[in-house]
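Following our numbering, the numbering of the sequence shown begins with 116 at its first residue and continues without gaps.
Let me begin by presenting the structure, written as structure tokens, before commenting on it.
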Amino acid sequence: MDKLILGVGQVNAYIREMMEADALLGSLCIRGELSNYKKYPSGHHYFTLKDGESSLKCVMFRSNAMRLRFRPENGMMVLAAGRITVYPRDGVYQLYCVSMSPEGAGDLSVAFEQLKKKLSSEGLFDPAHKKPIPAYPHRIAIITSSAGAAIHDMLRILRKRYPLSEVKLLPVRVQGEGAGAEIAGAIDYCNATRAADLIITGRGGGSMEDLWAFNEEIVARAIYRSEIPVISAVGHEPDVTIADYVADLRAATPSNGAELAVPDKEELFEKLDGLKIRMGKNLDRRLKLSRQRLEHASRSRVLSSPMEYLADRQIQLDHLTGSLASGMERRLLTARNQLERRTQRLPGAVTGGIAAKKSKMQYLCGRMDALSPLKVLSRGYSITMHESGAPVRNAGELKPGDHITLRFHSGAADALVERIKEETK
Numbered sequence: 116m117d118k119l120i121l122g123v124g125q126v127n128a129y130i131r132e133m134m135e136a137d138a139l140l141g142s143l144c145i146r147g148e149l150s151n152y153k154k155y156p157s158g159h160h161y162f163t164l165k166d167g168e169s170s171l172k173c174v175m176f177r178s179n180a181m182r183l184r185f186r187p188e189n190g191m192m193v194l195a196a197g198r199i200t201v202y203p204r205d206g207v208y209q210l211y212c213v214s215m216s217p218e219g220a221g222d223l224s225v226a227f228e229q230l231k232k233k234l235s236s237e238g239l240f241d242p243a244h245k246k247p248i249p250a251y252p253h254r255i256a257i258i259t260s261s262a263g264a265a266i267h268d269m270l271r272i273l274r275k276r277y278p279l280s281e282v283k284l285l286p287v288r289v290q291g292e293g294a295g296a297e298i299a300g301a302i303d304y305c306n307a308t309r310a311a312d313l314i315i316t317g318r319g320g321g322s323m324e325d326l327w328a329f330n331e332e333i334v335a336r337a338i339y340r341s342e343i344p345v346i347s348a349v350g351h352e353p354d355v356t357i358a359d360y361v362a363d364l365r366a367a368t369p370s371n372g373a374e375l376a377v378p379d380k381e382e383l384f385e386k387l388d389g390l391k392i393r394m395g396k397n398l399d400r401r402l403k404l405s406r407q408r409l410e411h412a413s414r415s416r417v418l419s420s421p422m423e424y425l426a427d428r429q430i431q432l433d434h435l436t437g438s439l440a441s442g443m444e445r446r447l448l449t450a451r452n453q454l455e456r457r458t459q460r461l462p463g464a465v466t467g468g469i470a471a472k473k474s475k476m477q478y479l480c481g482r483m484d485a486l487s488p489l490k491v492l493s494r495g496y497s498i499t500m501h502e503s504g505a506p507v508r509n510a511g512e513l514k515p516g517d518h519i520t521l522r523f524h525s526g527a528a529d530a531l532v533e534r535i536k537e538e539t540k
């Protein structure tokens, strides 16, 4: 009996045909632990599924890998669906994986936690990067779907609470493939054109898959690099997205986002009324105090009798002038007496040497005393001064009706000029 001789390629092809004809191997789901997971530049993913006893080589082509919502990691338990066949070149059978999900949790939940951990480690959630929301925004950009109910609720609330703001709608898709890129593009456009000083982005409620556009990394990074403050208003209150973590302010719902964006005009009116009342009361108090000060000033002597007030001050000035002159005279006399006492205490040998100096000093002191105005006044003379205190040097400086002061050796007297006598030669 002649044996059938086949080539290696023929054998591999035969086994491949047999495996592809098997309905079980053509569509099955395998549970296993990921190992040796590698992503190649071509976009294809290669990995091994293993359990406690065996291992199975697997490949996921780029077209299928692009639909993964999470990032596969070594050691992760997954459910991989696909078909098993032979790769004819190597004669190795493997799983051609078309979809994969984490075991025990949805792929979206795993993807959410992975991205959350990644962005948190990079500091995108750091409160230090949060920008303050403007208290009175002039222009507000809303990035959402133009067909949803959320935009109508936000517009209604913004018009009611603060109609002074100019609202611009940047319509985008908020669900489905490419929605995240549109949202990120609208945020970047708003910053590039400075179209607003506040951005609200969000949508109404839905499933995690419906809200997934706001969990995409491209949206998170667009919010983070935005120079304009961003309010994230996605879904219902229990819903939390990656955009909520990155945004400068998180709103529970789109309606709540509009409420947080602007002040309430009714509250502003109440504050203005309160300020008006307080200003009125403060003005009344200031007017009352000013009136009291004016009444007090009007009763003061300086306003009721200004000439008497000036006369009193003139007398006070004269008194101070006399006191100053007397003080100077006393200090001069004290200094003279001290000098004489010191001279008397000196030894005889020294006193002879300073006798000439003492005589000269006594001479100078006598001349100073003789030239002192007070010495002249003591002989019965007086000094005539203008009201300003300047001395009157000749009669031509005066005219009838002028007030003058006569300064004596002791005291002073006010006088009124009645007539001027011409100098007779």
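C-beta: ideal position from N, C-alpha, C; glycine also.
Task: DSSP state of I120 mapped onto helix, strand, coil - done: coil
- [ ] Measure from the alpha carbon of R182 to the alpha carbon of each residue in A226, S413, Y208, then state which is nearest.
- [x] A226
Open item on the list: Rounded to whole angstroms, what is the Cα-Cα separation between A510 and R408?
Closed with: 45 Å
- [ ] Can you give me the start and stop residues for the alpha helix (DSSP H) that A264 sits inside?
- [x] 264–276
Task: Separation of P156 from I130, as counted between CA atoms - done: 31 Å
- [ ] Return yes when the Cβ of I145 is within less than 8 Å of the Cβ of L121, no when it is not.
- [x] no
Task: Status (buried if at least 16 other CB within 10 Å, exposed otherwise) for A464 - done: In this prediction, A464 scores a pLDDT of 47, lower than 50, which makes its location untrustworthy; no coordinate-derived value is stated.
Task: 4-residue-minimum alpha helix (DSSP H) runs that sit fully inside the segment 403–454, ordered along the chain - done: 416–419
Task: Simplified DSSP state of D58, which is helix, strand or coil - done: The requested residue 58 does not occur in the structure, where the chain is confined to residues 116 to 540.
Task: From L418, G263, R288, L143, residue whose alpha carbon lies closest to that of W327 - done: R288
Task: S236 to S347 span [Cα, whole Å] - done: 21 Å
TODO: Could you confirm whether any beta carbon from chain D is found closer than 8 Å to the beta carbon of L375?
DONE: Annotation note: the requested chain D is absent from the structure, which comprises a single protein chain.
Task: Sub-8 Å separation of V207 and K172 beta-carbons - done: yes
- [ ] Could you check the C-alpha separation between E228 and L390 for me, to the nearest Å?
- [x] 50 Å
TODO: For I255, write down the residues that DSSP places opposite it in a beta bridge.
DONE: V282, L313
Open item on the list: Looking only at its chain, what residues have a beta carbon closer than 6 Å to the beta carbon of T466, apart from the 5 residues adjacent to it on each side?
Closed with: Interpretation of T466 is limited by its pLDDT of 49, a score under 50 that renders its predicted location unreliable; no figure is taken from the coordinates.
Task: Bridge partners - F162, DSSP secondary structure assignment - done: C173
Task: Span of the beta strand (DSSP E), counted from its first residue to its last, around E148 - done: 143–154
Task: Which of helix, strand or coil DSSP assigns to H518 - done: strand
TODO: Confirm, please, whether the CB-CB distance from I343 to I314 is below 8 Å.
DONE: yes
TODO: Find the nearest neighbour of T308 within the set D359, S341, G395, judged by alpha-carbon distance.
DONE: S341
Task: When R184, V126, S169, K118 are compared against G147, the one with the closest alpha-carbon - done: S169
Task: Cutoff 7 Å; reference V349; Cβ partners in own chain excluding five residues on either side - done: G317, R318, L326, F329, T356, A358, D359
Task: For G158, the nearest candidate out of M192, L143, Q429, F176 (CA to CA) - done: F176
Task: 8 Å Cβ shell around K283 - same chain, five flanking residues per side excluded - done: R254, I255, A256, I257, A310, A311
TODO: Using the Cα positions of K118 and G291, report the straight-line distance between them to the nearest angstrom.
DONE: 60 Å
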